[in-house]
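Here is the structure we will look at.
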Ligand code: FES
């Protein structure tokens, strides 16, 4: 009788052990699969540094060079090509400013008027000074800025923009 009981206990113990191990493996596999399948969809890429041709932006000129910032972005599983437009000026050998060409009113693209030294928005006649500050029209805020840096003579512009007056050069 004692033998039969101990046989039953051992069998029960083995059964529980097998269920526990199977459950653990199933749970670990589910977590790994979920991380693989869903994880990237929560990952959004940070800002990128884009190198621009330094000959496009000569040192000490009054005007701005109109520069296209083209780069790949990944948002979850989706990869796409983005294009931003910026006005870039090399103020000094070690100082570059990059002003976003996107109007802060409704997002039209502004143009640089070399003669009047202002940015003009064609959509609702918004006007900005050479620093990107609003002079007239409906825009509610100055033009945004891109962070910039110069490394070994290379001009780098960040894809991310920030409000005027933020920390623009690194
Ligand atoms: Fe530029 Fe309206 S979109 S003034």
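Numbering (our numbering), first residue to last: 102 to 271. Every residue, glycine too, gets a C-beta built ideally from N, C-alpha and C.
Any non-hydrogen atom of the ligand FES within 8 Å of residue i CB
| i | result |
| --- | --- |
| residue 226 | yes |
| residue 243 | no |
| residue 186 | no |
| residue 233 | no |
| residue 206 | yes |
| residue 239 | yes |
| residue 192 | no |
| residue 168 | no |
| residue 211 | yes |
Helix, strand or coil at residue i according to DSSP, with G and I counted as helix
| i | result |
| --- | --- |
| residue 173 | strand |
| residue 113 | helix |
| residue 162 | coil |
| residue 205 | coil |
| residue 148 | coil |
| residue 231 | coil |
| residue 199 | strand |
| residue 121 | helix |
| residue 242 | coil |
| residue 261 | strand |
Supposed contact pair residue j and residue i - C-beta distance, whole angstroms, cut 8 Å
| i | j | result |
| --- | --- | --- |
| residue 222 | residue 206 | 7 Å |
| residue 231 | residue 219 | 7 Å |
| residue 170 | residue 154 | The Cβ separation is near 12 Å, so there is no contact. |
| residue 160 | residue 193 | 7 Å |
| residue 265 | residue 234 | 7 Å |
| residue 180 | residue 173 | 6 Å |
Residue range of the unbroken beta strand (DSSP E) whose run includes residue i
| i | result |
| --- | --- |
| residue 188 | 179-193 |
| residue 252 | 246-252 |
| residue 214 | 212-214 |
| residue 221 | 219-221 |
Buried or exposed (CB count within 10 angstroms, at least 16 for buried), residue i
| i | result |
| --- | --- |
| residue 178 | exposed |
| residue 244 | buried |
| residue 128 | exposed |
| residue 240 | buried |
| residue 227 | buried |
| residue 199 | buried |
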